[in-house]
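Some notes on the structure that comes next.
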Amino acid sequence: MAKCLLHAAVLVLAICPNAWGQFGAIETPPTKLTDGESYETGFTLQVSGPALGVTATFPVPSNWEDQQVELVHQEIHPAGANLRFVDLDGTRQARVDLPRLLARDTAKVLLRFQVHRQGVAPPSEPEQLTLPASKDLDRDQRKYLLPSPFIESRDAKITNATSSLAIPDATPWEQVKAYYDFVHQNVTYENGPMMGAVAALDKGRGDCEEMTTLFVALCRAGEVPARTVWVPGHCYPEFLTKTKDGTDRWVAVEMTGNFEYGQSPEKRPILQKGDNFRIPGSRRPQHYVKQELAIRDYKGNTPPVVTWMPPPGKEPPRADTN
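Numbering (mature numbering (1 follows the signal peptide of the UniProt record, and there is no 0)), first residue to last: -21 to -1, 1 to 301.
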């Protein structure tokens, strides 16, 4: 998708005189961890003039129940740069502070991670799954029943759609499949700007972000905890269930590519889980954590050039073309 995850990498610059200024227990799905894949992320920054107070932030993969991550290499230039990691609620963010760059300097930060990602596997006994009672959810899980940016789960259009999809005596697996089928039947895949769940419902089109936000919104309106999972260039939803022995089990579904309900080909590194992030320095919650770079004081005669790594990814190939 052209507007894929991390498509909103931002260089924040405000014009100033002679300068550009600032700007619970989880069931492990029954698949093996990969042998480990290398994932590189970071940026380069080229400036034509002196730059003071450069700050760059970007998401990096972290440990989840279905992923293990190790930082195996880092390359940071100039030597005075400071790198630290900030754990947010649902992701880890790298923060790089560069006190000063001279004219025609190039700063570079490259982080290499070894990522052991577990493939997505459907539950072995889907009809035995139940939904957790809202009173039994912990604080972290409870937020996945609430609205979040672009997921307007309390909007009347969403709640009415959820009510219309209610199936008497259905199992949770069957009920959530009704939400899944509804999205596929009512939203045509089309790349475009981020719109959100209500707009996807109104316009009947969208890409992986719209299809995911609408599915998550329908789930939350139906009292099913659900969240967004972000990988490079793509996102997909997962919803929370309990196995017959009472263990929490997140079930991933792929909203693009004609994959079967409960299946996904994803093996790319997980960058974020969730869709309501509180970013230090930002007043508003964010749908996901973006790549951002700000310069407090810049006296170059041309704008700085930022190149983020990795470049935008792509959505998985369609199941019917494999």
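Note that CB positions come from ideal geometry on N, CA and C, so glycine has one too. In this text the structure is predicted, and so the values were computed from the model without any measurement.
Short of 7 Å from the beta carbon of alanine 196, and not among the five residues preceding or following it, lie these beta carbons of its own chain, in chain order: Ile130, Glu131, Ser132, Ile137 and Ala176. Bridge pairing for glutamine 47: His95 [DSSP]. A straight line joining the alpha-carbon of asparagine 170 with that of glycine 185 spans about 6 Å. Look at the segment 28 to 94 and you find these whole runs of beta strand (DSSP E), each 3 residues long or longer: 30 to 39, 46 to 56, 61 to 67 and 70 to 80. Under DSSP, tryptophan 287 shares a beta bridge with Phe22. For leucine 31, the closest C-alpha among the options Gly279, Leu110 and Leu80 is that of Leu80. Using a Cβ-Cβ distance cut-off of 8 Å, the segment 232 to 243 and the segment 68 to 88 are not in contact, since fewer than three pairs of beta carbons, one from each stretch, lie closer than that value. When secondary structure is reduced to three states using DSSP, aspartate 119 falls in the helix class.
In this structure, valine 48 lies near phenylalanine 92, with their beta-carbon atoms less than 8 Å apart. Contact annotation: the segment 271 to 288 does not touch the segment 243 to 250, with fewer than three C-beta pairs closer than 8 Å. Valine 208 sits in a strand when the DSSP states are folded into three classes. The continuous alpha helix (DSSP H) containing isoleucine 137 extends over residues 135 to 143. Under the Cβ criterion (8 Å, minimum of three pairs), the segment 146 to 159 counts as touching the segment 95 to 113. In this structure valine 268 touches leucine 67 by the C-beta definition: roughly 7 Å separates them, less than 8 Å. When beta bridges are read from the DSSP output, tryptophan 152 appears opposite no residue. About 13 Å separates the CB atoms of valine 51 and threonine 20; that is not less than 8 Å, and the two are not in contact.
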